[in-house]
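Read in order, the letters of the sequence shown are residues -17 to -1, 1 to 350 in mature numbering (1 follows the signal peptide of the UniProt record, and there is no 0). In what follows, a structure is listed as structure tokens, so that the remarks can point back to it.
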Amino acid sequence: MISVLVLTLMSLAFLQCEIIPRFDMRDKDGIIFDPIVPRAGESMTAKCTVVQLTPGNRKSVSWRLHRQNDGKIFYLATNNDVFQFKNPIQRLWAHHELNSQDWYLHFDPLDRDDIGNLTCFLADTGEEEVSLTRYLDVHSEPIILESSTKDVEVDIGESFNLDCMAQGYPKPNISWIRADSKPLQGGIAKFNDQRLMLRNISMHDRGVYKCIATNLIGSGSEWTLKVSVRFPPSVKCQESVGQAPNFEVDAYMECYAHGYPAPRLSWYKEVDPNNPTALIPLTEKSFKYKFEATIPEPDVCTDCILARITVINVISGDYGTYVLRATSESSLGYMSEGRVRLYQTPECQQSITNPDNKGCRSPPKLN
């Protein structure tokens, strides 16, 4: 009886002292990466080592990846079986030799989106997980994401933020410039990491902006966007134009209409010098007038229209004040007017003659 009791106690002691396998932590990182600095587009091997394995205690090791950028969790492999990243072209392999303490996971190539927590864990330990996790810091040159601010339209006087969302490791540095090389407005435009803050926006802030992302791996990733500033129309005209009557020559008058979005343009003529609001609309149907509207070169003006009215075959009844009205297409219906006066000169003004005319000729003789 005593011997049986002794054997029973020894068996219990053996069970209590059963060695539980664990992962080797002699290296401070636990999971070994080769190379030490993984880079996107290159190959990388991760190794986990299990210690305290007994000859009859075989274990399976699985791998999972918790990606940082999209938060997805992928169960990658168990022992030699791979479950992910096999289509359209396989870029992941797992390897383990029987009775070996080492388990390998091989990426070829690494993707920039593989950045995140890589975990190896014993697959058959029941509810209590035995695992080892290391951050897989995939080094990659910056890219700027589609979630960055695209072309925008803002009202004059408003404030607005431009966001440049970049991805890469190490964390990219973001810089902002104007594509036209104009300086960012001091006190109005400010940096704050990925965000450019525009305050009290004026017409000077319109234009093309670039954000540039750089890090130690690479540089040159750029994002370009256009900032358009909505503002009410305004009109600036020549003060006056002179032409002699009855020479079968024309006179043309010019105005610049500013505004964004481009305003709707209409020409009028004053019918009462003492009442500036008494206007009659002018149309090309009368064959007396010709209207033109062109967009000048950017070095002349921005968000403006050069509007020209040609008075054909000037006669005495054509003299007076002509009005260009610019009306905003927005729901607010802003409106602005500019005036130019056509006056009589004693001599024909060849310099403003329309190229289609025959030139200054003597007026026809009266019988």
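In this text, a Cβ means the ideal position worked out from N, Cα and C, and glycines have one as well.
Pro246 versus Cys238: straight-line alpha-carbon distance, rounded: 13 Å
Span separating the alpha-carbon of Arg95 from that of Glu124: 9 Å
For Thr129, three-class secondary structure by DSSP: According to the sequence shown, residue 129 is Glu rather than Thr. Note: Glu129 maps to coil in three-state DSSP.
Check whether residue 385 and Arg213 have beta carbons under 8 Å apart: No answer is possible for residue 385: it lies beyond the span of the chain, which begins at -17 and ends at 350.
Met180, buried or exposed, once every other Cβ within 10 Å from all chains shown has been counted against 16: exposed
Residue environment, Ile278, which counts as buried when at least 16 other CB atoms sit within 10 Å: Counting every other CB atom within 10 Å of its CB across the protein chains shown gives Ile278 a total below 16, marking it as exposed.
Backbone CA spacing between Thr285 and His187 [nearest angstrom]: In a straight line, the C-alpha of Thr285 is about 10 Å away from that of His187.
Where His79 falls: helix, strand or coil (DSSP): DSSP, read as helix, strand or coil, puts His79 in coil.
Beta-carbon proximity list for Tyr192, same chain, < 8 Å, skipping 5 on both sides: Leu145, Trp159, Ile160, Arg161, Ala162, Leu179, Thr207, Leu208, Lys209 and Val210
Selected residue, minimal CA-CA separation from Asn257, among Val297, Leu93, Thr304 and Cys287: Among Val297, Leu93, Thr304 and Cys287, the Cα nearest to that of Asn257 belongs to Thr304.
Arg74 beta carbon less than 8 Å from that of Leu59: no
Coarse secondary structure for Glu275, derived from DSSP in three states: Residue state, collapsed to three classes: strand.
Validate contact between the region 134 to 153 and the region 74 to 83 using beta carbons, cut 8 Å, 3 pairs: no
Nearest to Arg182 (by Cα), restricted to the options Tyr152, Glu141, Pro155 and Met148: Glu141
Beta-carbon proximity check, Cys287 vs Ala227, cutoff 8 Å: no
Proximity below 8 Å, CB of Ala309 to CB of Val218: yes
Sequence-distant residues of the same chain with beta carbon closer than 6 Å to Ala290, five excluded per side: Apart from sequence neighbours up to five positions away, the residues of its chain that approach Ala290 with a beta-carbon distance below 6 Å are Cys238, Ala240, Leu248, Ala276 and Leu307, ordered along the chain.
Rounded C-alpha distance that separates Ala149 from Ile157: Ala149 and Ile157: Cα-Cα distance of roughly 8 Å.
Three-way DSSP call (helix, strand, coil) for Glu267 in this model: helix
Gln333 in three-state terms, based on DSSP: helix
Rounded straight-line distance, which links the Cα of Ser311 to that of Gly99: 52 Å
Exposed unless 16 or more other CB atoms sit within 10 angstroms - verdict on Ile195: buried
Boundaries of the beta strand (DSSP E) in which Ala149 is found, first to last residue: Segment Ala149 to Tyr152, the beta strand (DSSP E) holding Ala149.
Chain-order list of residues whose beta-carbon lies under 8 Å from that of Ala261 (same chain, five-residue window excluded): The residues are Glu253, Val254 and Asp255.
Environment of Thr102 [buried if 16+ CB atoms lie within 10 Å]: buried
Residue environment, Gly300, which counts as buried when at least 16 other CB atoms sit within 10 Å: exposed
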